[in-house]
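Counting in our numbering, the sequence shown runs without a single skipped number right up to 166 at its last residue.
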Amino acid sequence: MADLVEVWKSSLPAVLNNVTGRGVWTALNAAVPITVDDGVLILGIPANDTELAGHLRLPNTSRQIEVAFSQKYGTPVKVRVIGGATPEDYEIVKRRDAERRRMQEAEMSKLRQELQAKSTWEGVY
42 MADLVEVWKS SLPAVLNNVT GRGVWTALNA AVPITVDDGV LILGIPANDT ELAGHLRLPN
102 TSRQIEVAFS QKYGTPVKVR VIGGATPEDY EIVKRRDAER RRMQEAEMSK LRQELQAKST
162 WEGVY
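As structure tokens, then:
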């Protein structure tokens, strides 16, 4: 696979040509490609520019990034924007995601048990 930074740099002009707005352009220029993980391009925004991340999450902008990057990369990708611009920042995000999933699963399990208890006589006594 091609070098991630080079692919990002080569796809950036196509994205810039299809979006408008100073904020979007600033966000695109500040974005740092971190990795491609399971078909998802992870773009990082440096900590001092996190307010720019919203520009990259706009449906039109993210779609333009996906199309331009996929053409240069040779494989279809989706885009995820994170706060932070290093692989370590992405590891933190992955740990947070895993913890969030674990807590959601625990909550769903608890709800299922409550519903089951309400629907059977055994749960009443």
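Every residue gets a Cβ at the ideal spot worked out from N, C-alpha and C, and that includes glycine.
Report the three-state DSSP secondary structure of asparagine 58 (helix, strand or coil). For the purposes of this step, residue 58 is taken as the residue at position 17 of the sequence shown. Helix.
Residue range of the unbroken alpha helix (DSSP H) whose run includes threonine 100: Start at 1 with the first residue of the sequence shown, and residue 100 comes out as number 59. The amino acid at residue 100 is misidentified as threonine; the sequence shows proline. Counting along the chain, the alpha helix (DSSP H) containing proline 100 begins and ends at 100-114.
Nearest-angstrom Cα distance between asparagine 89 and glutamate 47? For the purposes of this step, residue 89 is taken as residue 48 along the sequence shown, with counting starting at 1. For the purposes of this step, residue 47 is taken as residue 6 along the sequence shown, with counting starting at 1. Distance between the alpha carbons of asparagine 89 and glutamate 47: 24 Å.
DSSP three-state assignment for glycine 64, whether helix, strand or coil: Reading the sequence shown from its first residue, position 23 is the one you call residue 64. Three-state DSSP puts glycine 64 in a helix.
Aspartate 130 versus leucine 57: straight-line alpha-carbon distance, rounded: As a working note, residue 130 is residue 89 in the sequence shown. As a working note, residue 57 is residue 16 in the sequence shown. Their Cα atoms are separated by approximately 26 Å.
Is the distance from the Cβ of phenylalanine 110 to the Cβ of valine 122 below 7 Å? Position 69 of the sequence shown, counted from the start, is the residue given in the question as residue 110. Position 81 of the sequence shown, counted from the start, is the residue given in the question as residue 122. Taking 7 Å as the Cβ cut-off, phenylalanine 110 and valine 122 do not qualify as a contacting pair.
Rounded to a whole number of angstroms, what is the C-alpha to C-alpha distance between arginine 98 and isoleucine 75? What you label residue 98 is simply residue 57 of the sequence shown in a count that begins at 1. What you label residue 75 is simply residue 34 of the sequence shown in a count that begins at 1. Annotation: arginine 98 to isoleucine 75 spans about 16 Å, alpha carbon to alpha carbon.
Would you grab the beta carbon distance between isoleucine 83 and glycine 124 for me? Rounded to a whole angstrom, and I think it's under 8 Å. Residue 83 sits at position 42 when you count from the first residue of the sequence shown. Residue 124 sits at position 83 when you count from the first residue of the sequence shown. At roughly 11 Å, the Cβ-Cβ gap does not stay under 8 Å, so isoleucine 83 and glycine 124 are not in contact.
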